[in-house]
Amino acid sequence: RRRRRTSSHSCPFPSAFLLLRCEPSEAMAQSSDRLFLEEVCPILQQWLLEEPVRLVANLAKDPSSIIKAQEFQDFEVGFLLSSEEAELRLKVQYPYLADVISSGSQALLDEVMTGLPIRGVQLSLETNELILGLSAVEVAQDEVLRQKCAKCLASVRIWLFIGPLIERLRWLRTAVALAEAVAKQAAPGNGAAAASAAVGTPPPMLKLQVRRLETCWIVVKPDRVLVIMSVNLEDEVDVALGRAFCQEFAETHRKNTDVLAPPCAFNEPKDPPIDLRGELNLETPNVGFLTLTLSDQMVRGATDDRLVTLARPVMTWRNFFHFHLKHTKSYLHTRLRRRIGEWQQSVAGSRRQKKEGAERIRRLASGKEFAPPPRG
């Protein structure tokens, strides 16, 4: 009997796909391909909570003890958890690490890890690997600190994705505050011009490839930040469903009057957004372009935590998209199988019952009677 899967939505559209890979003897027992809606990798966070205590206890008995290396795959980012002496090591493997690190993710990582016993061990842009170290001795006896560190490390994928957007949202927040202050002090009728001169030129458009088959553009304007994502799928059925989903998603957000929901627009592949029409070597996706807008009203007076809350669902939208795309296909297949079963039952019930004592008459496709010769 199949168990019913349950899930809970904690923000507009987050999701995470978790695949745990262990030793061959444990693969069948611990592997999972379930689709989670949590913001972090649940099993990785659980290991980060348990392993420091276990490591310290083992080191007290044998100073040469190490924990068994475990490998995790959380969507596009791979993790390898191991230990060296009294320190847990988390290796992060992300194919596009070099792009996001230099565009704001490095500063965000340094900020979220301030005050925690976490240090950067190694950063290799050639192999796109980042190694972080966690002091097991400091967190083993402090459960609150251990939970903070575990959540921070398990959310590395989120920090890498939202770092470039956070940096530009902070610029918009500063520009809005500066423009308001200058406009109040300017002469009557000259407030808009003085505010525009004080803000200056926005940062240039940033082009990132954060996932395979997906390019992201972050366009900063004096009053808003646009996040444009190319949506590309491999299967023809997925392309048709994905285009219908994006159109409905954009239409729903266009009619939504909630200030917390970012306005959304969808463009067909042959009609890219205006901000990309001058882009050189623009690769046309087979589904289209999705644009999410974060206005100055959303960041006015916002805290850093509020900016993270705004950026997280935007940069992880593709996980939300795949989650509902897979569930839509599953729903359609379930209905199709149920309808086929009902059709087969109706066909079976429409057959003529064989009369008792009547000789069976066989007919060809044309309707003529067919009497097969007796077998000799």
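Counting in the working numbering, the sequence shown runs from 14 upward without gaps. Virtual Cβ for every residue (Gly too), placed ideally from N, Cα, C.
Pairwise C-beta distances place the segment 297-311 in contact with the segment 239-247, as three or more of them are shorter than 8 Å.
Per DSSP, Leu-377 is not a residue of any beta strand (DSSP E), being assigned neither H nor E. Excluding five sequence positions before and after Leu-143, the CB atoms of its chain that fall closer than 7 Å to its own CB belong to Val-105, Leu-110 and Leu-136, given in chain order. Residue pairing by DSSP puts Ser-96 in a beta bridge opposite Leu-101.
Annotation: Arg-348 is outside any beta strand (DSSP E); the continuous alpha helix (DSSP H) that includes it extends over 330-362.
Check the Cα spacing between Glu-281 and each of Gly-291, Arg-256, Arg-224 and Pro-275: the tightest is with Arg-256.
Residue pairing by DSSP places Gln-106 opposite Gly-91 and Glu-142 in a beta bridge. Of the candidates Ile-131, Glu-156 and Glu-139, Ile-131 places its Cα closest to the Cα of Leu-145.
For Cys-165, the uninterrupted alpha helix (DSSP H) segment begins and ends at 156-167. Under the 8 Å Cβ criterion, the segment 116-130 counts as touching the segment 172-180, having at least three qualifying pairs. In the DSSP assignment, Ile-231 is bridged to Leu-219 and Val-240. Rounded to the nearest whole angstrom, the CA to CA distance from Arg-67 to Arg-102 is 14 Å.
A contact between stretches requires three or more CB pairs, one per stretch, nearer than 8 Å, and the segment 181-193 meets this requirement with the segment 313-322. Taken atom to atom, the span from the alpha-carbon of Val-152 to that of Pro-65 is near 7 Å.
By alpha-carbon distance to Leu-93, the top candidate from Ala-120, Leu-61 and Ala-99 is Leu-61. Between Leu-246 and Trp-230, the C-beta spacing is not below 8 Å. DSSP places Arg-67 inside the alpha helix (DSSP H), whose first and last residues are 55-74. Taking all protein chains shown into account, Glu-89 has 16 or more neighbouring C-beta atoms within 10 Å of its C-beta and is therefore buried. In the three-state reduction of the DSSP assignment, Gly-128 falls in the coil class. Going by beta carbons, Pro-201 and Pro-215 fall outside the 8 Å limit.
Judged by DSSP secondary structure, Gly-301 falls within the beta strand (DSSP E) whose first and last residues are 301-308. Between Pro-387 and Arg-375, the gap from beta carbon to beta carbon reaches 8 Å or more. Just so you know, the alpha carbons of Ala-210 and Thr-265 end up roughly 37 Å apart.
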